[in-house]
Amino acid sequence: MSARNTRKRDLILAEGEALIYRQGFRRTTLADIAHAAKVALGNIYYYFKTKDELLEAISARRVEAFAERCREWETRAPDPRQRLQAYLEMPAERIDELTAHGCPIGSLAQEFIKEGRTTPVGHAVMNAQMEWVERQFQALGRHCPHEDAAHLIGAVQGAILMAASLNEPALLQHELDHLHAWLQALTTDD
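Counting in the numbering used here, the sequence shown runs from 785 upward without gaps.
Below you can see the structure in the form of structure tokens.
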């Protein structure tokens, strides 16, 4: 694929991801995405034959973005506790956006759950997060790293949902502060 085609495909993915985040998967049409990306609808079909195919590409893009952040954290922070603290900075950097629109992955997952199916984005991204967070707890010597990972991610997701539902960004910040303190106080035999 040429550099120009790659840029156009990336633009379509970025606009599609943003629209799906703001208005939901079902309400977003490929025509909406073409309009937002300022490309002809045919350009969308050149790269993505269906909206589901576009969603799979968004999923791969999100998983890769998360993997890149993980590599950065692992390079910057030799201690797994510090890496987990850095993980908590992800939502902290976006409190206003998360309060206004909720979690992009959680919102999409809820939309698909109502239809009785899973979303490739939600499944892939949540699995990537669970696996990475669990490895950090294992490196800390925790006895139940899977449960610790589920607790941490579940607490973040729950706080995002509450902050968005109540339009209270302070709620999310407060929970993130609690999670930072919990991580700091952890020992290997808790």
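Every residue gets a Cβ at the ideal spot worked out from N, C-alpha and C, and that includes glycine. Remember, it's a predicted structure, so these values are computed and weren't measured experimentally.
Exposure of residue i, with buried meaning 16 or more beta-carbon neighbours within 10 Å
{"i": "residue 955", "result": "buried"}
{"i": "residue 788", "result": "exposed"}
{"i": "residue 852", "result": "exposed"}
{"i": "residue 829", "result": "exposed"}
{"i": "residue 856", "result": "exposed"}
{"i": "residue 938", "result": "exposed"}
{"i": "residue 890", "result": "buried"}
{"i": "residue 933", "result": "buried"}
{"i": "residue 920", "result": "buried"}
{"i": "residue 841", "result": "buried"}
{"i": "residue 790", "result": "exposed"}
{"i": "residue 971", "result": "exposed"}
{"i": "residue 826", "result": "exposed"}
{"i": "residue 839", "result": "buried"}
{"i": "residue 897", "result": "exposed"}
DSSP state of residue i mapped onto helix, strand, coil
{"i": "residue 811", "result": "coil"}
{"i": "residue 924", "result": "coil"}
{"i": "residue 862", "result": "coil"}
{"i": "residue 797", "result": "helix"}
{"i": "residue 970", "result": "coil"}
{"i": "residue 902", "result": "coil"}
{"i": "residue 959", "result": "helix"}
{"i": "residue 856", "result": "helix"}
{"i": "residue 835", "result": "helix"}
{"i": "residue 918", "result": "helix"}
{"i": "residue 911", "result": "helix"}
Start and end residues, alpha helix (DSSP H) containing residue i
{"i": "residue 826", "result": "825–831"}
{"i": "residue 883", "result": "879–885"}
{"i": "residue 891", "result": "888–897"}
{"i": "residue 786", "result": "Careful: residue 786 lies outside any alpha helix (DSSP H) and carries neither H nor E."}
{"i": "residue 952", "result": "No alpha helix (DSSP H) contains residue 952, which DSSP labels as neither H nor E."}
Beta-carbon proximity of residue i to residue j, cut-off 9 Å
{"i": "residue 945", "j": "residue 887", "result": "yes"}
{"i": "residue 820", "j": "residue 802", "result": "yes"}
{"i": "residue 940", "j": "residue 864", "result": "no"}
{"i": "residue 847", "j": "residue 909", "result": "yes"}
{"i": "residue 812", "j": "residue 835", "result": "yes"}
CB contact check: residue i to chain D, cutoff 9 Å
{"i": "residue 919", "result": "No chain D is part of this structure, which consists of one protein chain only."}
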